[in-house]
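Worksheet for the structure shown next.
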Amino acid sequence: MDSRIRQIMSRYFGYQDFKTGQQEIIDHILQSRDTLGVLPTGGGKSLCYQLPALAFPGLTLVISPLIALMKDQVDALNDQGIAASFINSSLPPGELSYRLQQAAQNKYKLLYIAPERLDSSDFIDMISNLSISLIAIDEAHCVSQWGHDFRPSYLNIGNWINAMPYRPVITAFTATATAQVRDDIVALLGLENPGVFVNSFDRPNLYFSIAKGVDRTRFIKNYLKERTEQSGIIYAATRKEVDLLSEQLQAQGYNVGKYHAGLSDEVRKQNQEDFIYDRIQVMVATNAFGLGIDKSNVRFVIHHNMPRHLEAYYQEAGRAGRDGQDAHCILLFHASDIQIQKYLIEQSGFFADKKDMEYAKLQEMIDYCHTTRCLRKYILEYFGETDVPEYCHNCVNCEKHEQKDMTVEAQKIFSCILRMNQSYGSNLVASVLKGSQQKRVLELRFDRLSTYGIMSEYTAPQIVELINLLTAEDYLMVSGGQYPVVKLRKKALPILRSEEKLILRLPKMPEKASEESALFPSLRMLRQQIALAQNIPPYVVFSDKTLQEMCMYLPVNQEDMLNINGVGQVKFERYGEAFLSLIRQYKEDDASFIESQPVSTTKKTLGKKKSAKTEKQPKDMKIPSHILTWQEHKNGKSLREISQERKLGILTIETHLIRAYQEGYTVDWDEFITPEERQQIAAVALQIGTDKLRPIKDALPESISYFAIKIALST
Ligand code: ADP
Ligand code: MG
Ligand code: ZN
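Just so you know, the sequence shown maps onto residues 41 to 755 in this note's numbering.
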């Protein structure tokens with residue numbers, strides 16, 4: 041990325057990296073070439089035109105279908121320090137001409153308009169003297185009758201562009217991937233020799249689930265009971281169901297709003313705004329709700345009924361988790377839903393071909409509700425993706441059948457055992473595969489084996505856990521009583537020779553919602569206050585994800601704060617200090633925050649020979665702090681004593697000990713962790729990864745401390 045673009049990105053948007061696909065699209069646009077970008081909902085299409093808009097000299101005109109949402113988008117841009125405005129029919133005439141005047145004087149970088157504006161030749165005359173460098177057509181599938189949101193006004197866009205006295209760069213964006221719709225977009229908008237970028241539709245943070253034949257109302261009530269703080273949307277098929285369900289939930293004391301075409305514009309607008317501004321927690325709605333809604337912290341989308349096709353389902357479900365944080369997409373299916381959808385197709389007045397197509401799509405939707413395959417794979421293949429893994433491990437079907445292809449891992453383990461002459465136990469095998477610097481490994485010269493360190497991405501206990509599993513599955517056997525030795529069984533040979541795959545059923549994780557940091561509510565409150573004062577939605581100030589990163593990394597100065605995703609220079613200047621002071625205060629009040637910090641597991645090489653000699657170092661030679669801790673511990677002091685004497689937090693002392701060990705000092709960990717606990721931790725870590733300690737801690741019995749987890753993962 042060239043440095044100017046990088047600068048724009050960090051100054052105005054505060055993002056460190058592009059999301060998948062953004063960079064290719066932006067690069068192409070910056071070469072002044074027409075571009076069609078297909079990214080999933082939440083994939084970050086806006087940045088794809090907003091960033092070039094700032095890089096190009098003139099004005100960028102954004103055509104966006106929803107008048108109601110323009111204001112929010114423009115507010116968000118203004119809040120990032122970007123000059124933007126919108127023009128729609130809601131403006132008084134004076135305001136409209138004022139804004140056009142400002143635009144003519146190059147006062148804006150972005151101007152949003154609704155496609156309906158182009159129906160008026162007066163309006164076209166008015167904008168004809170603006171110097172437009174870039175046109176971005178958002179939700180471009182609306183131009184296609186084959187899409188699911190056809191808008192006749194979109195058909196005017198192509199004609200208008202053709203009639204312009206000069207030709208800006210034309211870009212179009214959609215989340216609809218079918219080839220037919222894509223071709224329509226290129227043809228009807230008149231894109232010239234466009235670059236077409238279609239990106240994976242995968243949304244890894246969304247968990248997909250289906251519940252068949254359940255009591256829907258009870259299901260929803262139970263679900264909400266555990267999520268009193270989370271924003272969510274519940275889609276129902278008809279207005280009647282929306283009315284009924286929202287009443288039932290309100291009667292139970294839930295903070296619920298509703299939205300459907302039978303309500304007045306006024307009420308709908310108010311409810312939508314209440315939802316966006318976190319004044320109501322859950323929105324019960326028909327599919328009339330949500331197009332272009334860009335609230336990033338929707339934590340769940342429940343479909344009370346099966347929608348008509350997967351395009352609609354994925355678009356609606358995709359409104360969850362746009363901030364990239366975990367979110368749930370749950371479909372409640374009843375056979376009666378099929379009848380409703382068939383009825384709607386019959387009533388639609390579609391011409392025959394279109395009707396056939398709708399029925400075919402409905403069938404695919406029904407199949408989705410019945411499949412036992414990975415739901416994500418099903419969806420992605422429906423949208424034409426190939427080479428999708430069999431299991432995503434983040435959907436209800438994968439959860440029930442938790443299987444993983446462990447062929448490569450098994451091959452590594454088997455060949456390591458063979459190279460060690462089938463004469464050692466699983467711990468030593470694991471140490472070799474991990475690439476440990478342990479004395480025993482080095483003495484036996486196992487660091488010269490070709491299998492040394494080939495599983496360094498796993499922790500040693502994870503590898504032991506795998507060896508145990510392979511033993512349980514009869515690929516390995518353990519013999520030798522007190523000093524058990526692992527050997528290969530016949531069954532391992534075809535795996536080793538790559539003649540067969542090895543699919544392992546890995547232990548299932550208990551489901552436990554991870555709690556938020558104690559700091560989070562305070563940050564959220566501050567955000568709410570700022571939002572209120574400025575009359576903008578809270579997530580425009582900072583997204584949940586940004587707040588969560590603050591909780592995780594606890595920045596205390598500007599530099600650290602700017603490293604948080606979502607905090608750019610402009611936002612920092614506006615809000616940075618307020619959040620910093622809250623975090624600083626929190627850090628002072630509560631030292632326990634370190635518990636949520638992952639310990640560094642970078643492998644340290646064995647330095648100079650270190651031994652008891654260090655104890656006799658003269659005073660003026662600086663002994664590293666962690667080595668001092670190690671010495672005192674060796675001398676028999678408890679960690680708590682050391683912590684008190686040295687006036688350092690217990691967590692610091694614990695970290696010292698791990699660090700010393702990683703540098704080659706011996707530590708007897710048995711004092712802090714039992715082999716059983718190591719196994720338990722390893723099993724959990726194997727399932728959910730080792731990026732963050734919190735989820736691991738949450739999945740384990742309360743008695744297992746963070747320190748034990750850190751030990752298990754790093755020693
Ligand atoms: P789309 O229009 O494709 O559905 P948006 O443009 O509304 O998606 O972006 C979805 C979310 O992703 C927004 O909350 C936005 O702030 C965030 N986002 C976009 N690009 C990035 C990025 N490069 N890094 C982090 N977050 C991003
Ligand atoms: Mg969008
Ligand atoms: Zn899956």
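For each residue, glycine too, the CB sits at the ideal point set by N, CA and C. Every value quoted in this text rests on a predicted model; they were computed, and no experiment measured them.
Among the options, the one whose alpha carbon lies nearest that of residue i
i    : options                : result
I378 : S562, E539, A277, L536 : A277
Q141 : S171, S160, D159       : S171
Y206 : P192, I175, V226       : I175
I690 : T669, D710, Y701       : T669
K261 : L91, L572, V322, N169  : V322
V481 : M460, T499, R624       : M460
A375 : G424, Y408, K252, N467 : K252
L420 : F259, A325, Q355       : Q355
A739 : A123, I728, G493       : I728
L415 : Q625, L566, Y353       : Y353
N393 : M110, W186, C182, L679 : Note on residue identity: the sequence assigns Asp, not Asn, to residue 393. The shortest C-alpha separation from D393 is found at W186.
Coarse secondary structure for residue i, derived from DSSP in three states
i    : result
Y138 : helix
I320 : coil
Q365 : coil
R359 : coil
R267 : coil
G198 : helix
I453 : helix
P658 : Confidence in P658 is poor, its pLDDT being 34 and thus under 50, which makes the residue's placement unreliable; the coordinate value appears in the next sentence. Three-state result, P658: coil.
L506 : helix
R485 : coil
L740 : coil
V428 : coil
L372 : strand
Contact test: residue i Cβ vs the ligand ADP heavy atom, cutoff 6 Å
i    : result
L79  : yes
K335 : no
R222 : no
R51  : no
R339 : no
Y55  : yes
K59  : yes
G608 : no
R46  : no
R362 : yes
G121 : no
G330 : no
Heavy atom of the ligand ZN within 6 Å of residue i beta-carbon
i    : result
C409 : no
C7   : There is no way to answer for residue 7, as the model of the chain reaches only from 41 to 755.
R243 : no
C591 : no
C438 : yes
C456 : no
C432 : yes
R529 : no
C369 : no
The beta strand (DSSP E) enclosing residue i, as first and last residue numbers
i    : result
G297 : 296 to 299
K32  : Past the boundaries of the shown model lies residue 32; the chain is included only from 41 to 755, so the question cannot be answered.
I333 : Here I333 belongs to no beta strand (DSSP E), and DSSP marks it neither H nor E.
T412 : T412 -> no beta strand (DSSP E), and no H or E assigned at all.
F213 : 209 to 214
F340 : 338 to 343
Endpoints, alpha helix (DSSP H) assigned at residue i
i    : result
L593 : Per the sequence shown, residue 593 should be read as Tyr rather than Leu. Per DSSP, Y593 belongs to the alpha helix (DSSP H) from 584 to 593.
M166 : 161 to 167
S376 : 376 to 387
F747 : 746 to 754
L473 : 466 to 474
V580 : 578 to 581
Any non-hydrogen atom of the ligand MG closer than 6 Å to residue i Cβ
i  : result
K5 : Summary: the structure shown does not reach residue 5, with the chain confined to residues 41 through 755, and so no result is reported for it.
Any C-beta of chain C under 7 Å from that of residue i
i    : result
E398 : No chain C appears in this structure, which consists of one protein chain only.
(request) Report yes or no: do the stretch 145 to 156 and the stretch 350 to 362 share at least 3 C-beta pairs separated by less than 8 Å? (result) Short answer: they don't touch.
(message) Is it the case that the stretch 230 to 242 contacts the stretch 341 to 350, given that we only count it when at least three CB pairs across the two stretches are under 8 Å?
(response) No contact exists between the stretch 341 to 350 and the stretch 230 to 242.
(request) Examine the Cβ distances between the stretch 498 to 513 and the stretch 703 to 723 and report whether three or more of them are shorter than 8 Å. (result) Counting Cβ pairs under 8 Å, three or more are found: they touch.
(request) Could you tell me whether the stretch 414 to 432 touches the stretch 237 to 249, using the rule of 3 or more Cβ pairs below 8 Å? (result) Contact holds: three or more Cβ-Cβ distances are below 8 Å.
(request) Could you say if the stretch 526 to 535 and the stretch 503 to 515 meet the contact criterion of at least three C-beta pairs nearer than 8 Å? (result) Contact holds: three or more Cβ-Cβ distances are below 8 Å.
(message) Check whether the stretch 78 to 96 and the stretch 209 to 227 touch, using three or more Cβ-Cβ pairs below 8 Å as the test.
(response) A contact exists between the stretch 78 to 96 and the stretch 209 to 227.
(message) Check whether the stretch 603 to 622 and the stretch 573 to 588 are in contact - that is, three or more C-beta pairs closer than 8 Å.
(response) Because the criterion of three Cβ pairs below 8 Å is met, the stretch 603 to 622 and the stretch 573 to 588 touch.
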